[in-house]
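Following: one structure in structure tokens, then a few remarks.
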Amino acid sequence: MKSGYPNGFEFIEGLAKELSAKNLVFPTSLNVTMSIRSALSDPDSSAEKVAHIVGAEPVLSAQLLRLANSVAINMGNKKITDLHTAITRLGYALVRNVAISVGMRQLTEADPHYAAHPRINGLWKHSILVAALAFVLAKKKTRLSPDEAMLAGMLHDIGKFYILYRAKNYPDLFADESALDEIIWQWHAEISQVILESWEIPEEIAIAARDHEFLDHNHGHPGPADLTDVVMVANILGCQDKPGIPDGFNWETAPSAFERLQLNAETCIEVVKESEEEIQLITQALA
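Under the numbering used here, the residues of the sequence shown are numbered 8 to 294, in order.
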């Protein structure tokens with residue numbers, strides 16, 4: 008980091024204190040969203056109870072009604088106007104993931120100048136695309152839960168969101184791309200894990216968020232692909248505007264996650280092409 012930016016050191020010191028105390032600062036709206044997630048994770052919660060909790064969040068309510076009435080979900084049936092029916096139609100897993108998506112979007116929109124920053128827009132689009140790709144990879148190439156893979160994909164860069172959210176209070180640092188890049192590179196994986204543990208997100212998802220950029224990730228023994236493998240490959244296939252193999256990708260040095268998912272250049276193209284409609288549906292649901 009450039010020594011000419013003392014605010015960068017002040018920022019890192021603040022991050023370190025927040026991490027060690029596990030006192031992470033989020034907008035109130037996101038904290039409400041995570042309480043909704045807890046209710047949706049309870050198998051004993053009735054659709055009526057969930058609808059009551061969700062109804063307290065108008066942005067989420069509107070998103071769920073819009074999604075339930077989409078052509079892909081409703082298939083031309085009578086328009087759904089109540090949350091109970093919408094939640095029943097969509098299922099708890101999708102409702103939970105949409106709830107977290109809405110909360111994350113509110114995090115990105117916490118400040119108009121912050122929300123307009125191209126970094127934030129790009130990171131948000133990338134997270135949604137990785138969520139969709141993780142869903143289809145888990146569904147087609149593993150026995151893992153596609154819904155859990157979707158959630159892992161959506162949250163895989165939550166540490167980057169947090170750093171950018173907190174960095175908005177340091178405009179000089181935010182304007183210095185190289186300094187910010189270095190902070191993100193050094194800190195985002197650890198921050199992601201702390202955030203997801205504080206939200207009581209399943210351990211496998213927290214590990215995937217922490218480790219998905221360690222391209223030499225290995226189970227230590229032969230075995231099927233795990234959630235980290237799925238998110239790693241989804242992250243690579245989602246690193247450009249459209250899903251697919253990135254330009255200049257070297258298959259000779261490709262992470263072993265591809266092999267565990269039984270993917271090569273040809274099968275990657277097949278999976279993405281076969282799943283275009285599903286990927287589009289998921290990205291629309293989470294956007």
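Positions of the beta carbon are idealized from the N, C-alpha and C atoms, including for glycine. If you're wondering where the values come from, they're calculated on a predicted model, not measured in any experiment.
Contact under 9 Å by Cβ, residue i with residue j
i      : j      : result
Asp236 : Ala264 : yes
Ile289 : Ile135 : yes
Ala216 : Ala196 : yes
Leu144 : Val102 : no
Val278 : Val137 : no
Gln287 : Ala141 : no
Val57  : Gln113 : no
Thr149 : Ala232 : yes
Ile252 : Ile19  : no
Leu234 : Ala156 : yes
Ile301 : Val61  : In the structure as shown, the chain starts at 8 and stops at 294, and residue 301 therefore has no counterpart that could be examined.
Asp49  : Ala100 : no
Leu47  : Val201 : no
Leu74  : Trp194 : no
Leu268 : Val240 : yes
Reduced DSSP category for residue i - H, G, I as helix; E, B as strand; rest coil
i      : result
Val32  : coil
Trp131 : helix
Phe221 : coil
Gly245 : coil
Asn176 : coil
Glu266 : helix
His151 : It is worth fixing the name first, because residue 151 is Leu in this sequence and not His. Note: Leu151 maps to coil in three-state DSSP.
Thr274 : helix
Asp188 : helix
Ala294 : coil
Asp51  : coil
Pro65  : helix
Phe142 : helix
Trp194 : helix
Ser108 : helix
Pro125 : helix
Ser282 : coil
Ser27  : helix
Trp206 : coil
Among the options, nearest to residue i - alpha-carbon criterion
i      : options                           : result
Ala69  : Met239, Leu162, Ile135 and Val109 : Val109
Thr40  : Ala63, Leu268, Ala186 and Cys275  : Ala63
Glu220 : Arg73, Leu244 and Thr92           : Leu244
Lys280 : Lys147, Leu47 and Arg126          : Lys147
Ala294 : Thr92, Asp223, Ala106 and Gly230  : Ala106
Glu283 : Lys249, Phe256, Arg267 and Gly255 : Lys249
Met161 : Leu26, Lys85 and Ala292           : Ala292
Integer-rounded CB distance, given that residue j should sit under 8 Å from residue i
i      : j      : result
His163 : Asn242 : 6 Å
Lys29  : Ser205 : 6 Å
| request: Give a yes or no on contact between the stretch 153-170 and the stretch 127-143, applying the rule of three or more CB pairs nearer than 8 Å. | output: yes
Check: Is it a yes or a no for the stretch 206-221 touching the stretch 173-189, going by three-plus beta-carbon pairs under 8 Å?
Finding: no
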